[in-house]
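Q: Quick one: this structure, given as structure tokens, is what I'll be asking you about.
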Amino acid sequence: MSDTAFPAGAYVAGIGLYILRLRAQRGVTQAELAGIEFTRAYVSSIEGGKRTPSPRAAGYFASRLGLDFEDLCYGYAPGRRRALLKEAAQARIALSRGELERATAAYSALSAEAEEHHDRTLLAAGRCGLGLVARHRGDPGAADVLFQEADAFLAGQPLTDRLPALMGRMWALFAGGFIGDALAHAAEHLRQAGPAPAPAVEFALLAASGLPHVEQGDLTRAGAVADAALRLAPEVSEPEVLAQGYYHLNRVLVAQARHDEAEQSIVRATALYEHLQLLTEVGMCRFAHGFLSARRGRLSEAETQLRQARTILGDTGAISRLVNASAELAEVLRRLGRAEEAATLVEECRALALDYQDPEQVAELDRIGAHVAVDLGDAPTAEALFRSAIDRYQAVGATLEVATTCRLFGDQLISWGRTDEAASVYRRGLMSLERTQ
């Protein structure tokens with residue numbers, strides 16, 4: 008029962024008629040409904056539209072009539088809103104299993120019913136769900152539109168309520184190649200949160216900010232926000248917020264070579280996602296674990312983890328994530344001396360990536376392809392791919408990757424005896440880092 012306010016979008020003017028209808032259906036008199044808290048005359052004035060009940064009164068009458076406060080406020084049939092929330096939770100699990108049609112239908116139906124009842128909270132949940140479907144399909148542009156719509160429905164609501172939409176938008180911006188915009192989005196809402204933000208909001212936004220800082224070459228700032236997020240983690244109770252945060256933090260910790268902490272982070276994320284039954288996210292964690300193992304030189308272990316990730320992500324149809332795992336597996340196979348297998352895998356990734364657009368992922372495929380071409384003795388192809396990777400990384404503002412690729416390409420040019428060209432490439436990498444200072 009609320010003592011303060013009605014939920015957002017509640018059709019308060021219609022509560023009286025709804026109370027009248029439900030009371031008549033149940034054979035309850037006005038006096039019986041009023042009980043000891045209110046008078047029969049007060050109930051009569053509400054049913055007649057002469058008075059609007061207070062939130063406390065509405066909650067009391069809802070309880071007396073055997074329905075939830077929110078059902079009364081929005082005009083749902085008794086228990087219907089709770090059922091919709093359960094259906095949304097089931098749709099989330101279905102989506103993560105790759106059941107896109109079922110999830111899309113459920114989220115669309117949720118949106119339609121919520122709109123009919125002027126329920127902005129569930130309307131936003133439906134839009135967020137459809138945004139997650141677009142994310143699963145690897146379409147950041149469509150996802151961004153849906154997450155923006157969801158956030159608009161929640162205008163004026165606390166950031167804790169808006170967090171799924173805010174995090175969805177941040178992913179869409181980052182995946183679309185707008186790294187600076189993703190960071191600005193997080194910073195803006197951290198400012199909005201004020202001096203004492205809810206721990207879940209601050210944790211989620213800080214954790215998600217780490218990787219964009221890494222991409223921009225600012226490892227110091229990335230480490231600072233990661234440490235701040237880790238300090239907040241014990242105060243966060245929402246399992247999915249924690250899981251997502253630990254997943255994001257893992258990548259920052261890997262970039263800083265804090266491998267033991269990165270291991271702890273991804274193990275926690277995996278356990279939480281398994282508990283939530285979110286299969287695609289478990290596959291993403293297997294990929295992240297393989298990525299970490301490769302950085303630690305544990306190549307056989309990395310191969311096993313990345314193959315597990317490929318199986319899960321292939322089964323759930325998360326194509327963009329599948330490409331990530333496959334590309335990293337190609338690099339591991341190359342380092343294991345299996346260049347031809349790696350080359351085949353890179354081409355498979357390129358074919359899969361045609362169905363969606365992730366500019367940084369294409370750059371990564373170019374860089375891995377360049378390494379494979381070197382191992383296969385194809386210098387012209389290797390050079391073309393190195394140059395393409397540098398240009399693509401630069402186009403999306405992935406400064407650290409520009410510098411890393413320039414270093415790798417410069418080293419390769421030196422091995423080919425082209426020292427002057429190598430110096431020019433090294434300078435380009437250094438200049439990209441200087442721009443971030």
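One gets the working numbering by counting positions in the sequence shown from 1 and adding 7 to each.
Quick reminder that beta carbons are idealized off the backbone N, C-alpha and C, glycines included.
Small disclaimer: the values here were computed from a predicted structure and weren't measured.
(1) Do the region 255-274 and the region 422-437 touch if we need at least three Cβ pairs shorter than 8 Å?
(2) DSSP state of Met8, grouped into three classes?
(3) Just how far apart, CA to CA, sit Ala90 and Ala98?
(4) If we call anything under 8 Å between Cβ atoms a contact, is Ala150 one with Gly184?
(5) Nearest to His282 by alpha carbon, out of Arg314, Pro246, Ala264?
(6) Is it the case that the Cβ atoms of Val409 and Ala360 are separated by a distance below 8 Å?
(7) Going straight from the alpha carbon of Trp423 to that of Ala350, what length do you get?
(8) Pull up the CB-CB distance for Phe76 and Ala69, whole angstroms please, since I reckon it's below 8 Å.
(9) Select from Glu209, Gly86, Thr227, Thr412 the residue whose C-alpha is nearest the C-alpha of Ser244.
(10) Out of Leu153, Asp385, Asp382, Ile273, which has the shortest C-alpha to C-alpha gap to Phe294?
(11) Determine the extent of the alpha helix (DSSP H) in which Lys57 is found, giving its start and end residues.
(12) Short of 7 Å in beta carbon distance, which residues of its chain neighbour Met8, apart from the five on each side in sequence? Order them along the chain.
(13) To the nearest angstrom, how far is it from the Cα of Val152 to the Cα of Leu139?
(14) Residues in its own chain within less than 7 Å of Leu320 by CB, not counting five upstream and five downstream?
(15) Nearest to Gly344 by alpha carbon, out of Asp188, Leu383, Gln271, Leu166?
(16) Please report the residue range of the alpha helix (DSSP H) in which Phe68 lies.
(17) So, using beta-carbon positions, are Ala301 and Leu260 closer together than 8 Å?
(18) Val353 lies in the alpha helix (DSSP H); which residues open and close that run?
(19) In chain order, what residues of the same chain have a beta carbon less than 6 Å from the beta carbon of Ala377, not counting five sequence neighbours either side?
(20) For Leu239 and Ala231, what's the separation of their Cα atoms in angstroms?
(21) By DSSP, does Pro165 sit in helix, in strand, or in coil?
(22) Could you have a look at Glu428 and say whether DSSP puts it in helix, strand or coil?
(23) Going by DSSP in three states, Gly86 sits in which element: helix, strand or coil?
(24) Please state whether DSSP places Val243 in a helix, a strand or coil.
(25) Taking Cβ positions, are Gly136 and Ala110 nearer each other than 8 Å?
(26) Go to Gln32, then tell me how far its alpha helix (DSSP H) extends in each direction, as first and last residue.
(27) Alpha carbon to alpha carbon, how far is Pro14 from Cys80?
(28) Should Ala131 be labelled buried (16 or more other beta-carbon atoms within 10 Å of its own) or exposed?
(29) Are the beta-carbon atoms of Val464 and Val353 separated by less than 8 Å?
(30) Quick check: the Cα distance between Leu197 and Leu213, rounded to an integer number of angstroms?
(31) Just the Cα atoms here: how many angstroms apart are Gly324 and Glu222?
(32) Taking 8 Å as the limit between beta carbons, can you name the residues of its chain near Ala205, skipping five residues before and five after?
(33) Check whether the Cβ atoms of Gly23 and Gly82 lie closer than 8 Å to each other.
A: Based on what the coordinates show:
(1) By the Cβ rule, the region 255-274 does not count as touching the region 422-437, because fewer than three pairs are nearer than 8 Å.
(2) In the sequence shown, the residue the question calls residue 8 occupies position 1. Here the model assigns Met8 a pLDDT of 45, short of 50, so the residue's position is not dependable and the matter cannot be decided.
(3) One-based indexing of the sequence shown puts residue 90 at position 83. One-based indexing of the sequence shown puts residue 98 at position 91. Between Ala90 and Ala98, the C-alpha separation is close to 12 Å.
(4) The count along the sequence shown starts at 1 and reaches residue 150 at position 143. The count along the sequence shown starts at 1 and reaches residue 184 at position 177. No, Cβ-Cβ distance for Ala150 and Gly184 is not below 8 Å.
(5) For the purposes of this step, residue 282 is identified with residue 275 of the sequence shown, where counting begins at 1. Among Arg314, Pro246, Ala264, the Cα nearest to that of His282 belongs to Pro246.
(6) Along the sequence shown, read from residue 1 onward, the residue named residue 409 stands at position 402. Along the sequence shown, read from residue 1 onward, the residue named residue 360 stands at position 353. Cβ distance not < 8 Å, so Val409 and Ala360 don't count as in contact.
(7) Sequence index remark: in the sequence shown, residue 423 carries index 416 (1-based). Sequence index remark: in the sequence shown, residue 350 carries index 343 (1-based). Answer to the nearest angstrom: the Cα atoms are 21 Å apart.
(8) On the sequence shown, position 69 is the one that residue 76 refers to. On the sequence shown, position 62 is the one that residue 69 refers to. At roughly 5 Å, the Cβ-Cβ gap stays under 8 Å, so Phe76 and Ala69 are in contact.
(9) In the sequence shown, the residue the question calls residue 244 occupies position 237. The residue with the shortest Cα to Cα distance from Ser244 is Glu209.
(10) One-based indexing of the sequence shown puts residue 294 at position 287. Per the Cα distances, Ile273.
(11) Counting from one through the sequence shown, the residue named residue 57 turns up at place 50. First-last for Lys57: undefined, no H or E at that position.
(12) As a first step, residue 8 is located in the sequence shown; it is residue number 1 there, counting from the start. Only weak support is given to the placement of Met8: the predicted model assigns it a pLDDT of 45, under 50, and the question is left unresolved by the model.
(13) Position 145 of the sequence shown, counted from the start, is the residue given in the question as residue 152. Position 132 of the sequence shown, counted from the start, is the residue given in the question as residue 139. Their Cα atoms are separated by approximately 11 Å.
(14) Counted from its first residue, the sequence shown places residue 320 at position 313. Thr287, Gly290, Arg328, Leu329, Ala332.
(15) Locating residue 344 in the sequence shown gives position 337, counting from the first residue. Out of Asp188, Leu383, Gln271, Leu166, Leu383 has the C-alpha closest to the C-alpha of Gly344.
(16) As a first step, residue 68 must be located in the sequence shown, where it is residue number 61. It spans 62-72 - the alpha helix (DSSP H) in which Phe68 sits, taken as one unbroken run.
(17) As a first step, residue 301 is located in the sequence shown; it is residue number 294 there, counting from the start. As a first step, residue 260 is located in the sequence shown; it is residue number 253 there, counting from the start. No, they are not a contact pair.
(18) In the sequence shown, counting from the first residue as 1, residue 353 sits at position 346. Val353 -> alpha helix (DSSP H) spans 346-360.
(19) As a first step, residue 377 is located in the sequence shown; it is residue number 370 there, counting from the start. Closer than 6 Å at Cβ, skipping near neighbours: Ala389, Leu392, Phe393.
(20) Translated into positions along the sequence shown, residue 239 becomes position 232. Translated into positions along the sequence shown, residue 231 becomes position 224. Going by the C-alpha atoms only, they are around 13 Å apart.
(21) In the sequence shown, counting from the first residue as 1, residue 165 sits at position 158. Note: Pro165 maps to coil in three-state DSSP.
(22) As a first step, residue 428 must be located in the sequence shown, where it is residue number 421. Three-state result, Glu428: helix.
(23) The count along the sequence shown starts at 1 and reaches residue 86 at position 79. If DSSP states are grouped into helix, strand and coil, Gly86 belongs with coil.
(24) Position 236 of the sequence shown, counted from the start, is the residue given in the question as residue 243. In the structure shown, Val243 sits in coil (DSSP, three-state: anything other than H, G, I, E or B).
(25) The sequence position of residue 136 within the sequence shown is 129, counting from 1. The sequence position of residue 110 within the sequence shown is 103, counting from 1. Their beta carbons are under 8 Å apart, which means Gly136 touches Ala110 by this criterion.
(26) Position 25 of the sequence shown, counted from the first residue, corresponds to residue 32. First-last of the alpha helix (DSSP H) with Gln32: 22-33.
(27) Position 7 of the sequence shown holds residue 14. Position 73 of the sequence shown holds residue 80. C-alpha separation (whole angstroms): 8 Å.
(28) Along the sequence shown, one-based indexing puts residue 131 at 124. Counting every other CB atom within 10 Å of its CB across the protein chains shown gives Ala131 a total of 16 or more, marking it as buried.
(29) Outside the modelled stretch of the chain, which goes from 8 to 444, sits residue 464, for which no answer is possible.
(30) In the sequence shown, counting from the first residue as 1, residue 197 sits at position 190. In the sequence shown, counting from the first residue as 1, residue 213 sits at position 206. Using only the alpha carbons, I get a separation of about 8 Å.
(31) Position 317 of the sequence shown, counting from 1, holds the residue named residue 324. Position 215 of the sequence shown, counting from 1, holds the residue named residue 222. Each residue's alpha carbon lies about 27 Å from the other.
(32) Sequence index remark: in the sequence shown, residue 205 carries index 198 (1-based). Contacts found: Pro165, Leu166, Thr167.
(33) Looking up residue 23 in the sequence shown gives position 16. Looking up residue 82 in the sequence shown gives position 75. In this structure, Gly82 does not lie closer than 8 Å to Gly23 by Cβ.
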